[in-house]
Amino acid sequence: MAPASHSAAQDPRRNRQAWSVLIVSTLAFTVCFMVWMMFGIIGIPIKKMLDLNATQFGLLTAMPVLTGSLVRVPLGIWTDKYGGRIVMAVLMAITVPAIWVMGYASEYWHFLVIGLFVGLAGGAFSVGTPYVARWFPRHRQGTAMGVYGAGNSGAAVNKFVAPVILVAFGWAAVPHVYAAIMLGALLLFWFFSHSDPSHLVASNISFTDQLKALKDPRVLKYCQYYSIVFGGYVALSLWMVQYYVGEYGLDIRVAALLAACFSLPGGVLRAIGGVLSDRYGAHSVTWWVMWVSWICLFLLSYPQTAFTIQTVNGPSTFHIGLNVYVFTAVMAVLGVAWAFGKASVFKYISDDYPGNIGAISGIVGLAGGMGGFILPIMFGALMDWTGIRSSAFMLMYGVVWVSLIWMYWTEVRRTDVMTGQGVAAATPAAR
2 MAPASHSAAQ DPRRNRQAWS VLIVSTLAFT VCFMVWMMFG IIGIPIKKML DLNATQFGLL
62 TAMPVLTGSL VRVPLGIWTD KYGGRIVMAV LMAITVPAIW VMGYASEYWH FLVIGLFVGL
122 AGGAFSVGTP YVARWFPRHR QGTAMGVYGA GNSGAAVNKF VAPVILVAFG WAAVPHVYAA
182 IMLGALLLFW FFSHSDPSHL VASNISFTDQ LKALKDPRVL KYCQYYSIVF GGYVALSLWM
242 VQYYVGEYGL DIRVAALLAA CFSLPGGVLR AIGGVLSDRY GAHSVTWWVM WVSWICLFLL
302 SYPQTAFTIQ TVNGPSTFHI GLNVYVFTAV MAVLGVAWAF GKASVFKYIS DDYPGNIGAI
362 SGIVGLAGGM GGFILPIMFG ALMDWTGIRS SAFMLMYGVV WVSLIWMYWT EVRRTDVMTG
422 QGVAAATPAA R
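So the mapping is simple: the working numbering equals the position in the sequence shown, first residue as 1, plus 1.
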């Protein structure tokens with residue numbers, strides 16, 4: 002792969018192509034993410050129709066996330082080899098029939114199987130990330146990837162669009178409308194995107210060669226970070242509408258609107274995270290993201306609690322718990338933090354692996370996507386087991402602890418085993 006040169010970046014024609022690629026790729030990714038999150042809305046009436054428990058609902062919502070995660074590594078590698086334009090176009094075209102057929106499903110296994118094919122749309126991230134990055138000089142790649150990653154806001158768009166269609170025409174109309182939207186996005190992408198042969202990885206680099214980076218402990222660490230900021234984002238985007246309905250007794254349209262207060266900043270502000278990562282470095286942004294996440298998840302984990310104490314005037318009952326307004330505000334802060342974190346993790350990748358962005362982003366994206374697949378199932382299982390809805394946040398709180406500890410010992414402070422003296426290492430070089 003030949004990185005964009007300074008002179009190329011100054012060429013007006015190439016600059017127009019770069020911005021055209023970025024705009025239509027971001028639009029395509031937004032639609033793909035909207036489709037990927039579809040079960041977060043239509044899953045609620047399907048759950049009622051099929052009489053599903055929380056674990057079955059978690060599996061239903063997570064099924065598209067599974068395939069969208071598993072295909073990320075090969076898609077990233079194919080992007081390096083064949084180019085993002087053709088890979089993205091083929092991927093979007095394949096999903097259109099599957100989305101349409103979803104409207105005719107009637108059994109639980111129908112939804113699970115079709116969901117696997119619809120989930121291919123989620124693989125668009127590991128295609129577009131290296132595709133758009135290579136159109137920009139290195140000092141602007143964090144910003145470019147952040148803008149593209151703002152397509153995560155498709156999760157919020159889904160919460161605005163799907164409930165309206167569902168209430169007006171029934172849940173089966175949602176996949177039909179989404180199939181038409183995907184087809185339109187595909188046409189726009191094809192006519193306004195471009196290809197550059199210099200962006201391709203040499204054809205003599207094999208699949209195995211691309212995956213050798215898995216031996217690098219830094220890649221595993223970035224996978225852990227991304228399983229929180231992206232995997233957690235996907236999982237909660239799928240989970241929050243039914244959480245609002247169950248916990249606060251809200252109508253599905255109001256629940257979706259409030260849930261968008263988490264999904265929207267968690268997607269749109271990723272671009273700002275890219276700018277901050279370019280300016281302050283991936284480490285600094287990620288470190289603060291983890292601490293903000295830890296505080297928010299601590300507050301969200303506390304279940305609605307009523308307790309009675311004996312006073313001199315008799316028993317007094319107190320209630321502790323977040324009301325719907327405070328809960329939504331804390332979720333919004335968490336969404337902003339994870340938006341920045343998603344961008345900063347990929348800034349790590351563009352800094353450390355400039356010639357192998359596709360494969361590494363595919364691997365890290367796979368880890369994040371698998372987090373988005375496993376977490377909703379665990380949310381459901383925990384709720385069935387404990388009966389506590391906030392157990393989902395308790396689980397995420399524990400996962401963030403792991404990343405904070407790992408980050409501290411590998412980036413913030415390294416320990417000299419021979420002397421036992423700590424060495425400050427809060428710079429990217431300490432990774």
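Every residue gets a Cβ at the ideal spot worked out from N, C-alpha and C, and that includes glycine.
Neighbourhood of residue i by C-beta, 6 Å cutoff - its chain only, sequence neighbours within 5 removed
| i | result |
| --- | --- |
| residue 233 | 397 |
| residue 329 | 259 and 262 |
| residue 130 | 146 and 362 |
| residue 21 | 193 |
| residue 320 | 307 |
| residue 231 | 343 and 369 |
| residue 190 | 25 and 29 |
| residue 65 | 37, 116, 119 and 120 |
| residue 55 | 381, 384 and 385 |
| residue 135 | 200 |
| residue 305 | 322 |
| residue 57 | none |
Residues that DSSP places opposite residue i in a beta bridge
| i | result |
| --- | --- |
| residue 317 | 310 |
C-alpha gap between residue i and residue j, whole angstroms
| i | j | result |
| --- | --- | --- |
| residue 19 | residue 147 | 15 Å |
| residue 371 | residue 340 | 18 Å |
| residue 13 | residue 193 | 16 Å |
| residue 187 | residue 277 | 31 Å |
| residue 256 | residue 107 | 25 Å |
| residue 254 | residue 285 | 38 Å |
| residue 173 | residue 114 | 16 Å |
| residue 17 | residue 198 | 17 Å |
| residue 267 | residue 143 | 17 Å |
| residue 352 | residue 139 | 8 Å |
| residue 312 | residue 390 | 31 Å |
| residue 124 | residue 317 | 54 Å |
| residue 292 | residue 409 | 11 Å |
| residue 265 | residue 158 | 8 Å |
| residue 41 | residue 49 | 14 Å |
| residue 79 | residue 271 | 25 Å |
| residue 137 | residue 358 | 13 Å |
| residue 53 | residue 354 | 44 Å |
| residue 161 | residue 46 | 16 Å |
| residue 15 | residue 111 | 46 Å |
| residue 387 | residue 411 | 35 Å |
| residue 23 | residue 243 | 34 Å |
| residue 309 | residue 181 | 56 Å |
Residue j beta carbon less than 8 Å from that of residue i
| i | j | result |
| --- | --- | --- |
| residue 346 | residue 287 | yes |
| residue 59 | residue 343 | no |
| residue 362 | residue 154 | no |
| residue 175 | residue 163 | yes |
| residue 279 | residue 222 | no |
| residue 117 | residue 62 | no |
| residue 72 | residue 121 | yes |
| residue 382 | residue 240 | no |
| residue 229 | residue 400 | yes |
| residue 26 | residue 97 | no |
| residue 33 | residue 93 | yes |
| residue 366 | residue 200 | no |
| residue 81 | residue 269 | no |
| residue 413 | residue 338 | no |
| residue 364 | residue 74 | yes |
| residue 77 | residue 360 | yes |
Anticipated Cβ contact below 8 Å, residue i with residue j, distance rounded
| i | j | result |
| --- | --- | --- |
| residue 395 | residue 302 | 4 Å |
| residue 95 | residue 179 | Not confirmed; about 15 Å, so no contact. |
| residue 70 | residue 373 | 7 Å |
| residue 105 | residue 51 | Their Cβ separation, rounded to whole angstroms, is 15 Å, which puts residue 105 and residue 51 out of contact at 8 Å. |
| residue 36 | residue 119 | 6 Å |
| residue 152 | residue 31 | 4 Å |
Own chain, CB closer than 8 Å to residue i, minus 5 neighbours either side, in chain order
| i | result |
| --- | --- |
| residue 314 | none |
| residue 87 | 196 |
| residue 251 | 245, 259 and 325 |
| residue 331 | 297, 300, 301 and 323 |
| residue 407 | 222 and 225 |
| residue 334 | 293 and 297 |
| residue 404 | 225, 226, 229 and 291 |
Own chain partners of residue i with C-beta closer than 7 Å, once the 5 adjacent residues on each side are dropped
| i | result |
| --- | --- |
| residue 377 | 59, 62, 63, 236, 239 and 240 |
| residue 184 | 97 |
| residue 177 | 101 and 104 |
Proximity test, residue i beta-carbon vs the ligand HEM heavy atom, cut-off 7 Å
| i | result |
| --- | --- |
| residue 159 | No copy of the ligand HEM appears in this structure; indeed no ligand is present at all. |
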